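Please read the structure below before turning to the comments.
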Amino acid sequence: MGIKYGTFCNFLLSFFEFFWKFVRDAKAMATHPADVREYSNCYLFIVDMPSLKYEDIKVQVEEDSVLIISGERKMEEKKKVTKYLKMERRMENFMRKFRLPENINTDAISALYKDGVLTVTVNKLPPPEPKTIKVIKVIG
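The following block contains the structure:
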């Protein structure tokens, strides 16, 4: 009976871990919506990030071709004379991950933050040269 109970508990724990990860990801998507556009020479990732400073945003690419955009909204210093009647803009950390296609140039990625919008440009690699077929002459 102990094994079945333990297995069930493990199932519940893994289910709730998955559920809370889904909730966190959904919250990040809702608070920082993104558009991804494909052009002939690049991909554009456009993410709304209002009220952030560019110093608080980090863009990186993991080895397995995952673009990670993360940041932190820091709490303003409380002034002794300030009394908050309502506080909805609180400190938060966030992260968005995007799987990148295989045809990207990781050495040619740039990011621009302007007017509360982050635009990450990921350049594509040039298309591979078409393979030529070498014809061998058969002699007899």
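Under the numbering used here, the first residue of the sequence shown carries the number 905, and numbering increases by one thereafter. C-beta: ideal position from N, C-alpha, C; glycine also. Because the structure is a prediction, the values reported are computed rather than measured.
Taking the beta carbon of residue i as the centre, do at least 16 other beta carbons fall within 10 Å, making it buried, or is it exposed?
i     : result
I973  : buried
V1021 : exposed
F949  : buried
T911  : exposed
I1037 : exposed
G1044 : exposed
G906  : Unreliable placement is indicated for G906, whose pLDDT of 49 sits below 50; the coordinate value is still reported in the next sentence. Per the 10 Å Cβ criterion, exposed.
M953  : buried
I1013 : buried
Y988  : exposed
F915  : exposed
Nearest by alpha-carbon distance to residue i: which of the options is it?
i     : options                  : result
V951  : K957, V940, D960         : V940
F1002 : V965, P954, K957         : V965
N1009 : G1044, V970, K957, I1040 : V970
K957  : K1018, E992, S1014       : K1018
L1029 : N1007, L1016, V1039      : N1007
D1011 : S918, E967, P1032, V1042 : E967
P1031 : E921, L917, C946, S918   : C946
I961  : A1015, L917, P1005, S944 : A1015
N997  : T986, M991, G975, K1035  : G975
Write down the C-beta distance between residue i and residue j rounded to the nearest angstrom, noting that I regard them as a contact closer than 8 Å.
i     : j    : result
V1026 : V963 : Going by Cβ atoms, the distance from V1026 to V963 rounds to 10 Å, so no, they are not a contact pair.
R1000 : A938 : 6 Å
Got a sec: does the ligand SAM put a non-hydrogen atom nearer than 7 Å to the Cβ of residue i?
i    : result
P937 : For the structure depicted, the ligand SAM is absent and the ligand set is empty, with no information on it obtainable.
For this session: Would you list, in sequence order, the uninterrupted beta strand (DSSP E) runs of no fewer than 3 residues that lie entirely inside the segment 934-984?
Result: Listed in chain order, the complete beta strand (DSSP E) runs (minimum 3 residues) inside the segment 934-984 are 938-942, 946-952, 961-966, 970-977.
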